[in-house]
Structures are given as C-alpha cells and as structure tokens.
C-alpha cells in the first residue's frame with residue numbers, strides 16, 4: 001500500500017508544480033506557457049557546452065545516490081544512525097544541483113539579490129552540514145570531500161574576478177568546477193556504497 005501512496009504523492013506533487021507554473025506563465029507579462037517546454041539550446045558543433053553538460057550530469061550523481069541510499073536504509077533500518085547524514089547529504093547536493101540546472105543565483109541576481117549573499121547562504125549550509133556530521137565525515141574518505149569543496153571555491157573565486165580573456169576565464173573557472181564535481185560524485189558514491197556494504201544483508 002505504501003508504494004501506491006508514494007506513486008500518488010509523486011505524481012500529485014508534480015501536477016501541483018506544473019499547475020502553479022502554468023498559472024504563473026499565463027498571468028505573467030514576461031513569460032508564456034510555450035517557454036516552459038522549450039528544449040535546451042542546440043549546440044552548433046558537438047563540443048559546444050560539452051563540459052558544462054558533463055558537469056551538470058556529474059552533479060546529479062551525489063543527490064540521486066544519497067537519496068536512494070537514504071530511502072533504502074529508512075525502509076530496512078529505520079534506526080540506522082547514518083541515515084540522517086545520508087539524507088542531509090542528499091538535500092545539500094540536491095540544492096546545489098537545482099541551482100546549477102535552474103540558475104537560481106542568476107534569477108536572484110536579476111531580482112536585486114547580490115550573488116555574494118547567495119554564495120554566503122550556500123557556504124553557511126556547507127559549514128552547518130560539516131559541523132553536524134563531522135564524526136561521520138571523519139570516518140569516510142573525507143580528503144575527497146575537501147578537494148571537491150576546495151576546487152568549487154576556487155571556481156567561484158575565478159568567476160568573481162571577472163577575467164577579460166574568455167579562454168582563460170573559461171579554463172580557470174571550468175576546470176576546477178568539473179574536477180570538483182568528479183571528486184564529489186566519487187566521494188558520495190563511495191560513502192553510500194560503503195554504508196550499504198557495511199550493513200550487509202540488512203539483518
């Protein structure tokens with residue numbers, strides 16, 4: 001019965017979201033219903049935005065893997081002490097993923113909210129996450145996490161410098177970002193894999 005409730009609520013929430021978006025698009029002077037279903041920009045050549053899309057795909061890994069692992073642990077071992085860590089990991093990485101796909105920081109910037117404030121919010125969330133789960137993090141391959149976060153900070157700094165040369169700007173921001181995504185994806189994959197292996201047959 002629970003699985004049917006999950007299916008119902010999943011479809012129901014998506015339907016509500018679509019309804020809200022349709023109402024907004026219909027009533028807004030700057031939006032339209034057709035723009036909601038616009039396809040991504042088609043590349044002029046195969047390499048265009050290739051690393052950008054690769055980065056976005058890598059960003060999906062931690063959120064999905066952590067969410068699935070949490071759901072599994074919550075179902076078979078509801079008293080598992082690690083599941084809160086896994087859940088918060090899914091939420092943190094899910095928030096980052098949503099920002100990357102929907103460019104929330106750009107939308108907020110257009111609304112007059114400084115980018116620095118958005119960065120501060122994400123930094124605060126990261127510090128709270130690390131502070132709350134420092135013991136669990138220390139028992140993992142945490143250097144990967146530190147490398148991933150460090151490279152992301154480097155990318156943000158490079159972006160903030162406003163480098164005039166497009167090639168250097170792209171490389172100095174893009175390369176740290178993609179290696180950050182690689183290390184974070186590997187880290188959370190490893191964390192979830194080890195947690196499930198450690199629990200064995202979930203007895």
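In UniProt numbering, the protein residues as written are 1 to 203.
Glycine included, every Cβ here is placed at the ideal spot set by N, Cα and C.
Check: In whole angstroms, what separates the C-alpha of residue 109 from that of residue 95?; Outcome: 17 Å
Check: So, using beta-carbon positions, are residue 190 and residue 148 closer together than 8 Å?; Outcome: no
Check: Less than 8 Å between the beta carbons of residue 62 and residue 93, yes or no?; Outcome: yes
Check: Going by alpha carbons, who is nearest to residue 221 out of 30, 176, 4, 72?; Outcome: Outside the modelled stretch of the chain, which goes from 1 to 203, sits residue 221, for which no answer is possible.
Check: Pull up the distance between the alpha-carbon of residue 67 and that of residue 47, whole angstroms please.; Outcome: 31 Å
Check: Measuring straight from C-alpha to C-alpha, what distance separates residue 172 and residue 155?; Outcome: 7 Å
Check: So residue 36 and residue 13 are supposed to be a Cβ contact under 8 Å. How far apart are they, rounded?; Outcome: 17 Å between Cβ atoms; not a contact.
Check: State yes or no: is the C-beta of residue 176 within less than 8 Å of the C-beta of residue 146?; Outcome: no
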